[in-house]
Amino acid sequence: MEKALKIQILCQFCDGQSIQWKCDECEKFMCLPCKELVHDNLKSLQHHGIANVFDIVKDNSDFEKDNSVESEVASEVISSVLNSFTTTVPVINSLVCSEDGCVYFIHQKIAEKSILVKGELKEPSIKLSKSLKKRIFDIAINRDDELLFNEMVDNNNVCILSQSGEINTVIDTSPMRPLSLHVNKDNELIVGIKEQGPIFPVQKDSVRQVIIFGSDNKRKVTLETDTTGRKLFNYPARIETDSANVLYVADWMDTDLSGRVVAVDTNGNLKFAYAGHQDLQPFFPHGIAITPSDNIILSDQSNNALHVLNSTGELLGLHLLDSILHIKAPLSLCFDHKGHLLIGSGKLENSNAKIFVTKVAKKNV
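Just so you know, the numbering used here puts 79 at position 78 of the sequence shown, and the rest follows in order with no gaps.
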């Protein structure tokens with residue numbers, strides 16, 4: 002059964018602004034510009050009665066409860082699913098897109114099925130061009146369309162896979178273990194790391210850092226505590242950056258992979274920490290994708306949801322994907338070279354994970 006969420010009703014003429022008016026005869030909600038420029042200019046509608054929605058709320062206490070006029074959260078993040086492609090793995094743990102139209106994805110939950118795949122999404126299936134039988138924690142792609150990856154077992158190296166298929170080590174994080182990988186707009190590699198040993202519980206002497214490496218592959222910035230000395234991260238599992246190089250980190254806080262998303266700048270200033278919507282708890286952050294306007298799209302696998310935040314941490318949209326779009330267990334995210342949002346899904350079941358090619362609603366881009 003779907004969880005009840007408060008959502009925003011947008012103008013039913015332009016679908017882009019919050020409502021201020023309702024026409025009882027049209028049974029439509031509208032913003033002020035559309036009331037004046039659209040509704041009132043149609044001769045057939047000029048004699049319709051228009052009411053201010055806040056007067057309706059004042060006169061009817063059930064209206065706000067039923068229609069959530071004053072809520073800030075829209076219910077649509079994805080406007081349509083353009084295509085879907087079935088893979089041969091049960092879970093797509095990470096997914097990245099290159100400028101030449103290729104996609105890379107990994108599966109690492111089941112050791113014997115662990116694999117890195119490179120391919121193109123060509124109807125009706127994925128055209129495979131390369132695969133690598135390795136158990137990889139995360140992947141990232143640099144400006145030259147070279148893939149960076151780190152293995153999960155007994156290896157502290159971050160490696161690079163060239164276009165020719167050659168593998169070389171670019172960074173050794175010893176004695177620390179590399180976790181999440183990301184390349185920012187300046188082509189700098191960012192790595193989440195931890196000390197050797199158990200993931201949880203996080204102890205006082207645990208080392209959980211996010212490191213920015215310069216073009217010479219030497220440490221440029223180390224992020225561990227905020228400006229008050231408090232630890233920023235528990236387990237930095239995924240990283241993305243926006244156009245201002247603000248970092249957004251999926252920070253797991255428990256063994257069930259529930260947690261939060263931490264936004265921090267390169268000076269260690271904590272911008273915000275988002276722990277999910279109050280009606281969808283716990284929150285299971287994993288995939289992160291940044292839109293051209295620096296909105297942050299987050300996958301929430303166990304709740305079958307996508308969350309959209311703006312750069313100040315305000316929740317703009319929350320979409321339960323399984324009810325209409327039939328996308329279950331959204332996990333990894335990336336934007337392809339055409340601007341479509343790819344969603345890698347899957348759970349540890351006897352089914353194969355899918356990659357969904359989707360269009361993000363205009364108000365969230």
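From the three backbone atoms N, C-alpha and C, an ideal C-beta is built for every residue, glycine too.
| Asked | Found |
| --- | --- |
| PHE138 versus GLY314, GLY193, VAL82, THR228, residue with shortest Cα-Cα distance | GLY193 |
| Continuous beta strand (DSSP E) stretch holding SER95: start and end | 95-98 |
| Residues that SER81 bridges to, as DSSP identifies them | LYS360 |
| Unbroken stretches of the beta strand (DSSP E), 3 residues or longer, contained in the stretch 126-167 | 126-133, 137-142, 148-152, 158-162 |
| Three-state secondary structure (DSSP) of ALA290 | strand |
| THR242 burial status per 10 Å Cβ neighbour count (16 or more: buried) | buried |
| Beta carbon of HIS341 nearer than 8 Å to that of LEU83 | yes |
| Span of the beta strand (DSSP E), counted from its first residue to its last, around PRO176 | It is not in any beta strand (DSSP E) - PRO176 carries neither H nor E in the DSSP assignment. |
| ALA330 classed as buried or exposed, judged by whether at least 16 other C-beta atoms fall within 10 angstroms | buried |
| Spatial distance of LYS195 from ALA290 (CA atoms) | 23 Å |
| Alpha helix (DSSP H) segments (min. 4 residues) lying fully within the stretch 284-359 | none |
| Inter-residue CB distance, LYS355 and PHE106 (contact presumed, cutoff 8 Å) | Contact doesn't hold; Cβ gap of about 11 Å is too wide. |
| At least three beta-carbon pairs within less than 8 Å, the stretch 117-126 to the stretch 164-177 | no |
| The beta strand (DSSP E) enclosing GLY120, as first and last residue numbers | 116-123 |
| THR228 burial status per 10 Å Cβ neighbour count (16 or more: buried) | exposed |
| C-alpha gap between LYS363 and PHE357, whole angstroms | 18 Å |
| DSSP-derived helix/strand/coil call for GLU113 | helix |
| Per-residue burial, GLN282 [other beta carbons within 10 Å of its own, 16 or more giving buried] | exposed |
| Validate contact between the stretch 143-151 and the stretch 159-168 using beta carbons, cut 8 Å, 3 pairs | yes |
| Alpha-carbon to alpha-carbon, SER244 and PHE285 | 25 Å |
| Candidates ALA238, SER294, GLY288: closest to ASP301 by CA position | GLY288 |
| C-alpha gap between HIS183 and MET31, whole angstroms | 42 Å |
| SER165 burial status per 10 Å Cβ neighbour count (16 or more: buried) | exposed |
| Assigned secondary structure, LYS232 (DSSP; H/G/I helix, E/B strand, else coil) | strand |
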